[in-house]
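Presented below is the structure to which this report refers.
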Amino acid sequence: MYKPFEIADKIYSVGCRDWDIRDFHGYSTYEGTTYNSFLILGEKNVLIDTVKAKFADEFIANISRVIDPKEIDIVISNHTEMDHTGCLTKIMDIIGKDKPVYCSKMGAKNIKSHFKQDFNFQIVGSGDELKLGNRTLSFLETRMLHWPDSMFTYLVEDGILFSSDAFGQHYAGDKFFDDEIGNEIVPHARKYYANILLHFSSRVQDLLQDVTKMNLKINMICPDHGILWRDNPSKIIELYDKWSKQKPTNKVVIIFDSMWESTTKMAKAITSGVESENVNVRLMNTRKWHRSDIITEIIDAGAIAVGSPTLNNGIFPVIADVLTYIKGLKPQNKIAAAFGSYGWSGEAVKILNKEFAEMKFDIIDDGIRIQYVPDEDDLNKCFDLGVKLAKTLKERLAGGDNA
Ligand code: FEO
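Residue numbers (the numbering used here): 4 to 406.
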């Protein structure tokens, strides 16, 4: 059982850990996740967000260790997705449906759509405040970070930002704060950014600029997933600034699948070509790497090579899966090249180039198609393609297109 703990004076973390989840709507969560929820006690008792429905009993038990759940006066819903509203109707059944639910305009619409219930919605937008005796909550709409309803809630006097999904990580462990876990949490935060927020990077940049202009004192950031940033909250803000700029680095990611190892041989020869130019490389077989790990590697790569054999006049299904996922998340500033073996028709490279063009990648080569099995000359051509990718990337970076 996840014990509630006090994160600041009379503010408790009452959420639940999901140790077992390994697939979060298509995102691999090897270390589970948490659904964070926060209880602020005072003249009015406020609950910020709830948890996934299957954890209802544990959630109510956690709240009960702090106060009788009936004593909650106000609910704030920062975000409608059901990992955070899954217990909203249950809470409202307990506290009474006349109790106010503070949310954005889109939040009210989306809660009604999800649960087919109407509540006493109190619509708030950026700059609106809610006085709680000697404390003040201020709201900041963060549309499309990552849903239309998303917003932050800021506890002014304490400098605590309840940031919904933003700055989160899918991580369940025995550590609850950044100072307890250290840099070990950064890869989880990076993966979370790549898979949930990359698509909205320009909005992240706008938000960071808005927050800077507002000159908010931020002592602690409390996302709805993972650890809380209390020791150095500026660290995750700086990382979001870096990731959202999507500036390329000296790194090539080579993604491939293979039927009879011909495309594997090509991928390895391209890898050797890249390495011969002292450029960093990641070789990722789509049978071995989950799509959510591949996009995490891609966010700072300056170049991508994708290899697929031709199957039934198309690309390999697993490659199509990964490309569909990558395309949706809209990585930017990449140079690209395609490769693949074929038997008789050989459409894969052409299809891959079409995919690259749709993703606005800069295609630096027509790509390499090899019939059946590559010989030494073919593999030399692949090596040369790796060299070309690396040299082109280095030229771009030397020209100022770098982090
Ligand atoms: Fe953690 Fe968008 O829900």
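A virtual CB, placed ideally from N, CA and C, is assigned to each residue, including glycine.
Just to confirm, is the Cβ distance from residue i to residue j under 8 Å?
{"i": "Pro251", "j": "Asn336", "result": "yes"}
{"i": "Ile51", "j": "Ile79", "result": "yes"}
{"i": "Arg105", "j": "Leu133", "result": "The amino acid occupying residue 105 in the given sequence is Tyr; Arg does not appear at that position. Cβ distance < 8 Å, so Tyr105 and Leu133 count as in contact."}
{"i": "His407", "j": "Thr83", "result": "Any property of residue 407 remains undetermined from this structure, which presents the chain solely from 4 to 406."}
{"i": "Arg290", "j": "Asp260", "result": "yes"}
{"i": "Ile98", "j": "Lys73", "result": "yes"}
{"i": "Phe170", "j": "Ile221", "result": "no"}
{"i": "Pro226", "j": "Asp168", "result": "yes"}
{"i": "Gly310", "j": "Thr266", "result": "yes"}
{"i": "Tyr30", "j": "Asn198", "result": "yes"}
{"i": "Thr20", "j": "Thr32", "result": "The sequence given here places Arg at residue 20; Thr does not occur at that position. Going by C-beta atoms, Arg20 is not nearer than 8 Å to Thr32."}
{"i": "Gln120", "j": "Thr92", "result": "yes"}
{"i": "Lys102", "j": "Ile77", "result": "yes"}
{"i": "Leu140", "j": "Lys268", "result": "no"}
{"i": "Leu421", "j": "Leu332", "result": "Past the edges of the chain, shown from 4 to 406, lies residue 421, and the structure says nothing about it."}
My output table needs one value for residue i: the three-state DSSP class, helix, strand or coil.
{"i": "Ser344", "result": "strand"}
{"i": "Asn253", "result": "strand"}
{"i": "Arg372", "result": "strand"}
{"i": "Ser141", "result": "strand"}
{"i": "Lys397", "result": "helix"}
{"i": "Ala406", "result": "Because the pLDDT of Ala406 is 49, which lies under 50, any placement of that residue in the model is unreliable, and the number read from its coordinates should be weighed accordingly. The answer is coil: DSSP assigns Ala406 none of H, G, I, E or B."}
{"i": "Gln208", "result": "helix"}
{"i": "Met4", "result": "In this prediction, Met4 scores a pLDDT of 43, lower than 50, which makes its location untrustworthy; the coordinate-derived value is nonetheless stated afterwards. Three-state result, Met4: coil."}
{"i": "Asp234", "result": "coil"}
{"i": "Asp387", "result": "helix"}
{"i": "Pro334", "result": "coil"}
{"i": "Asn315", "result": "coil"}
{"i": "Ser261", "result": "coil"}
{"i": "Phe27", "result": "strand"}
{"i": "Tyr328", "result": "helix"}
{"i": "Ile63", "result": "helix"}
{"i": "Val17", "result": "coil"}
{"i": "Thr289", "result": "coil"}
{"i": "Glu9", "result": "strand"}
{"i": "Gly477", "result": "This structure cannot speak to residue 477, because the chain is shown only from 4 to 406."}
{"i": "Gly310", "result": "strand"}
{"i": "Ala272", "result": "helix"}
Output needed for residue i: all residues of its chain with C-beta closer than 6 Å, excluding positions within five of it in sequence on either side, in chain order.
{"i": "Val256", "result": "Arg285, Glu300, Ile301, Ala304 and Ile307"}
{"i": "Met287", "result": "Ile258 and Ile297"}
{"i": "Met4", "result": "Any reading at Met4 needs caution, since the residue's pLDDT is 43, under 50, leaving its predicted position unreliable; the model's value is listed next. For Met4, where only same-chain residues beyond five positions count, there are no Cβ hits under 6 Å."}
{"i": "Gly2", "result": "Any answer about residue 2 is impossible in this case: the structure gives the chain only from 4 up to 406."}
{"i": "Ala11", "result": "Asp161"}
{"i": "Pro334", "result": "Ile301"}
{"i": "Ser107", "result": "Glu144, Asp152 and Met154"}
{"i": "Trp232", "result": "Asp181, Ile224 and Ile239"}
{"i": "His191", "result": "Gln172 and Tyr174"}
{"i": "Gly389", "result": "Ile273, Gly276 and Val277"}
{"i": "Met362", "result": "Lys330"}
Who are the Cβ neighbours of residue i in its own chain at under 7 Å, not counting the five residues just before and after it?
{"i": "Leu143", "result": "Ser129, Met154, Phe155 and Tyr157"}
{"i": "Cys90", "result": "Thr53, Val54, Ala56, Ala59 and Phe62"}
{"i": "Phe165", "result": "Phe41, Ile51, Asn81, Phe155, Thr156 and Cys225"}
{"i": "Leu210", "result": "Thr145 and Leu148"}
{"i": "Thr88", "result": "Thr53, Ser80, Ile114 and His117"}
{"i": "Asp213", "result": "none"}
Measure from the alpha carbon of residue i to the alpha carbon of each residue in the options, then state which is nearest.
{"i": "Lys391", "options": "Pro72, Glu280, Asp378 and Arg372", "result": "Glu280"}
{"i": "Asn316", "options": "Ile354, Ala340 and Gly310", "result": "Ile354"}
{"i": "Glu278", "options": "Gln172, Ile199, Asn123 and Phe386", "result": "Phe386"}
{"i": "Thr313", "options": "Trp347, Ile329, Val325 and Val214", "result": "Trp347"}
{"i": "Ile367", "options": "Ala192, Asp381 and Ala393", "result": "Ala393"}
{"i": "Tyr3", "options": "Met262, Ala270 and Ala272", "result": "Lying outside 4 to 406, the shown extent of the chain, residue 3 is not represented and no answer is given."}
{"i": "Val282", "options": "Asn81, Gly185, Lys397 and Lys6", "result": "Lys397"}
{"i": "Val69", "options": "Asp365, Ala360, Val49 and Gly331", "result": "Val49"}
{"i": "Asn39", "options": "Arg25, Leu201, Lys194 and His228", "result": "His228"}
{"i": "Gly370", "options": "Glu379, Phe359 and Asp378", "result": "Phe359"}
Suppose the cutoff is 8 Å on Cβ atoms and the five residues either side in sequence are ignored; what does the same chain contact list for residue i look like?
{"i": "Arg372", "result": "Phe342, Gly343, Ser344, Tyr345, Gly349, Ala351 and Val352"}
{"i": "Ala406", "result": "Low confidence applies here, because Ala406 scores a pLDDT of 49, under 50, leaving its location unreliable; read the following figure in that light. These residues qualify, in order along the chain: Lys245, Lys248, Lys250, Pro251, Thr252 and Asp303."}
{"i": "Met147", "result": "Ser153, Phe203 and Arg206"}
{"i": "Arg399", "result": "Pro251, Gly305, Ile338 and Asn405"}
{"i": "Arg138", "result": "Ile43, Gly45, Leu158, Val159, Glu160 and Asp161"}
{"i": "Glu410", "result": "In this structure the chain extends from 4 to 406, so residue 410 is not present and cannot be described."}
To which residues does DSSP link residue i through a beta bridge?
{"i": "Leu44", "result": "DSSP lists no partner for Leu44."}
{"i": "Leu135", "result": "Arg138"}
{"i": "Asn283", "result": "Lys254"}
{"i": "Met223", "result": "Ile163"}
{"i": "Pro320", "result": "None, per the DSSP bridge assignment."}
{"i": "Tyr195", "result": "DSSP lists no partner for Tyr195."}
{"i": "Phe155", "result": "Leu143"}
{"i": "Tyr174", "result": "Answer is none; Tyr174 lacks a bridge partner."}
{"i": "Phe180", "result": "Leu231"}
{"i": "Asn124", "result": "Before going further, note that residue 124 is Phe rather than Asn in the sequence given. Phe124 pairs with Val104."}
{"i": "Tyr38", "result": "Cys19"}
Under 7 Å from any heavy atom of the ligand FAD, does the C-beta of residue i make it?
{"i": "Trp246", "result": "By its list of ligands, the structure shown excludes the ligand FAD, since it contains just the ligand FEO."}
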